[in-house]
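Chemist:
Residue numbers (UniProt numbering): 1 to 450.
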């Protein structure tokens, strides 16, 4: 099975017993099967189990460390994507980028850990959902999600009763999305996963996170709003007003990629600014003394993108430890969409958003296994051979196309024999009968106490 055997061998040491290790492999294969829905019931039936209890036990009570599994998977993926793996002969790590973004998963109840009415760009506004902050690792070879943090809204994090019901550990406190992002970057750094740049959207353009990125020795390209304050020497203005200092000759048209509809090009310009995020520097943008002293350590610029037709402007705050050409900053800025692709593919191909879990541990284990399955697909697709021997009239293999190819040869077909289906139909109907009786008994009891 190639890469599947390799990644499973990499995480083997994360299990004390062979039973959960084997069950994790089965679970991953179940996530990759072509099913109408992915949850413990459907996966267990497809795998040929007599009930969902083994998979539910794996997510809730079995002894294994999901954090260690995700870490080992991330290190394995980074090694292949950068070419630092001993079986690979190419070093792509110099172009690696960390991408930060969040995604929302719609929920039907606030009983799910972290579920609340909150804003989610992926859901198009305020909705009842869980929000997860993710970290994607991008190289010239490919990209995959290597870490995630569940965002607990402030009210949710401060509700002792809900925390206890959901099994949230006591040491988990409220943290903003940029703080969660900082935790993931530091964790990747501790695991020796390196990238010269970090990038993110406007949520992650705040000073504290940018300062943290610089303290890790990295550069950044962070989107900021039009009213973001920037310092030009002793004066402070906004990003939108600073653009007025760019003359007509300061814009350069740069090709940023090729899509299904043709070449994408925008006009770009950059303007030197004074950094406000020197590690251990002042906290106020107006106090420039400490930051000017740290100015020698690198270059801070405001990068501006202008649409060719609508003239709409987008702004990016950048810092590099040495002079960086416009093309390099533009390349990093345009990589941010890779994490959106990861979100979409991990949900569609591996059921990242399908876990019907309500508790802290179960959510983290489901997301760990879904990301394990997605990382296997992403790395396999990214490392497929290319060159003069390949058909020039085909695009490189994609994750969905790879999944179609491995269903059957590697991912077994779901078990669908009539006897097995009848047994599961009987189990479901009995379970639903017991659940109905329990609900009726609870409502009858509640009516007597009101």
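Don't be surprised by glycine CBs; every beta carbon is placed ideally from N, CA and C.
The structure displayed is predicted, hence computed values, not measured ones.
Apart from the five residues just before and just after residue 40, which ones in its own chain have a Cβ nearer than 6 Å to its Cβ?
Modeler: The residue given as residue 40 occupies position 40 in the chain shown. These residues qualify, in order along the chain: 52, 55 and 56.
Chemist: What does the alpha-carbon distance come out to for the pair residue 179 and residue 430?
Modeler: By one-based count along the chain shown, residue 179 stands at place 179. By one-based count along the chain shown, residue 430 stands at place 430. Roughly 46 Å separates the two Cα atoms.
Chemist: Alpha carbon to alpha carbon, how far is residue 166 from residue 441?
Modeler: Taking the first residue of the chain shown as position 1, residue 166 is located at position 166. Taking the first residue of the chain shown as position 1, residue 441 is located at position 441. Each residue's Cα considered, the two are about 23 Å apart.
Chemist: Can you pull the DSSP bridge partners for residue 118?
Modeler: Translated into positions along the chain shown, residue 118 becomes position 118. For residue 118, which the question treats as bridged, DSSP gives the partners 127.
Chemist: Would residue 127 pass as a contact of residue 142 if the rule is Cβ separation under 8 Å?
Modeler: What you label residue 127 is simply residue 127 of the chain shown in a count that begins at 1. What you label residue 142 is simply residue 142 of the chain shown in a count that begins at 1. Cβ atoms of residue 127 and residue 142: not closer than 8 Å.
Chemist: Hey, residue 195 and residue 137 are a contact pair by Cβ (cut 8 Å); roughly how many whole angstroms apart?
Modeler: Residue 195 sits at position 195 when you count from the first residue of the chain shown. Residue 137 sits at position 137 when you count from the first residue of the chain shown. Rounded, the Cβ-Cβ distance is 7 Å, consistent with contact.
Chemist: Per DSSP, residue 253 forms a beta bridge with which residues?
Modeler: Along the chain shown, one-based indexing puts residue 253 at 253. For residue 253, which the question treats as bridged, DSSP gives the partners 267.
Chemist: Please determine, among 312, 214 and 153, the residue with the shortest C-alpha to C-alpha distance to residue 226.
Modeler: Within the chain shown, the letter at position 226 stands for residue 226. Comparing Cα positions, the closest option is 312.
Chemist: Taking just the CA atoms, how far does residue 372 sit from residue 17?
Modeler: Working through the chain shown from its first residue, we reach residue 17 at position 17. Working through the chain shown from its first residue, we reach residue 372 at position 372. When rounded, the distance between both Cα atoms is 19 Å.
Chemist: Determine which residues share a DSSP beta bridge with residue 151 and list them.
Modeler: Residue numbering aside, residue 151 sits at position 151 when the chain shown is read from its first letter. According to DSSP, residue 151 bridges with 131.
Chemist: Is it true that the CB of residue 319 sits closer than 8 Å to the CB of residue 185?
Modeler: As a working note, residue 185 is residue 185 in the chain shown. As a working note, residue 319 is residue 319 in the chain shown. For residue 185 and residue 319, no; Cβs fall outside 8 Å.
Chemist: Are the Cβ atoms of residue 152 and residue 415 separated by less than 8 Å?
Modeler: Position 152 of the chain shown, counted from the first residue, corresponds to residue 152. Position 415 of the chain shown, counted from the first residue, corresponds to residue 415. No, these two residues do not count as a Cβ contact at 8 Å.
Chemist: Would you list, in sequence order, the uninterrupted alpha helix (DSSP H) runs of no fewer than 4 residues that lie entirely inside the segment 158-206?
Modeler: Correct list: 160-166 and 177-190.
Chemist: What residues in its chain sit with their C-beta under 6 Å from that of residue 314, if we drop five residues either side in the sequence?
Modeler: Counting from 1 along the chain shown, the entry for residue 314 is found at position 314. For residue 314, where only same-chain residues beyond five positions count, the Cβ hits under 6 Å are 305.
Chemist: Output needed for residue 157: all residues of its chain with C-beta closer than 7 Å, excluding positions within five of it in sequence on either side, in chain order.
Modeler: Counting from one through the chain shown, the residue named residue 157 turns up at place 157. Result list for residue 157: 173 and 174, in chain order.
Chemist: Could you pull out every residue in the same chain whose Cβ sits closer than 7 Å to the Cβ of residue 219, ignoring the five residues on either side in sequence?
Modeler: If you number the chain shown from 1, residue 219 lands on position 219. These residues qualify, in order along the chain: 196, 197, 319, 320 and 321.
Chemist: Determine the extent of the beta strand (DSSP E) in which residue 102 is found, giving its start and end residues.
Modeler: Along the chain shown, read from residue 1 onward, the residue named residue 102 stands at position 102. Counting along the chain, the beta strand (DSSP E) containing residue 102 begins and ends at 97-106.
Chemist: Leaving out five residues before and five after residue 228 in sequence, what residues of the same chain have Cβ atoms less than 6 Å from its Cβ?
Modeler: In the chain shown, the residue the question calls residue 228 occupies position 228. Counting only Cβ-Cβ distances below 6 Å, and skipping sequence neighbours, we find 239.
Chemist: From residue 251 to residue 266, what does the alpha carbon distance come to, in whole angstroms?
Modeler: Start at 1 with the first residue of the chain shown, and residue 251 comes out as number 251. Start at 1 with the first residue of the chain shown, and residue 266 comes out as number 266. The straight-line gap from Cα to Cα measures roughly 10 Å.
Chemist: At what residue ranges does the segment 341-406 contain a whole run of the beta strand (DSSP E), taking only runs of 3 or more?
Modeler: Runs of the beta strand (DSSP E) inside the segment 341-406: none found.
Chemist: Kindly indicate which three-state DSSP category residue 113 falls into: helix, strand or coil?
Modeler: In the chain shown, the residue the question calls residue 113 occupies position 113. In this structure, residue 113 counts as coil in the three-state DSSP scheme.
Chemist: At what residues does the beta strand (DSSP E) containing residue 299 begin and finish?
Modeler: Taking the chain shown and counting its residues from 1, the one referred to as residue 299 is at position 299. Note, residue 299: beta strand (DSSP E), 299-306.
Chemist: Which residue marks the beginning of the alpha helix (DSSP H) containing residue 50, and which one marks its end?
Modeler: Position 50 of the chain shown holds residue 50. First-last for residue 50: undefined, no H or E at that position.
Chemist: Could you say which of 124, 188 and 113 lies nearest to residue 159 if we only look at CA atoms?
Modeler: Position 159 of the chain shown, counted from the first residue, corresponds to residue 159. Out of 124, 188 and 113, 113 has the C-alpha closest to the C-alpha of residue 159.
Chemist: Near residue 244, which residues of its chain fall below 8 Å by C-beta distance, leaving aside the five closest residues on each side in sequence?
Modeler: Reading the chain shown from its first residue, position 244 is the one you call residue 244. Excluding sequence neighbours, residue 244 sits near nothing in its chain.
Chemist: Would you list the one or two residues that DSSP bridges to residue 314?
Modeler: The residue you call residue 314 lines up with position 314 of the chain shown. In the DSSP output, where bridge partners are listed per residue, residue 314 has 305.
Chemist: Does residue 353 pass the burial test, meaning 16 or more other C-beta atoms within 10 Å, or should it be called exposed?
Modeler: Taking the first residue of the chain shown as position 1, residue 353 is located at position 353. When all chains shown are included, residue 353 counts as buried.
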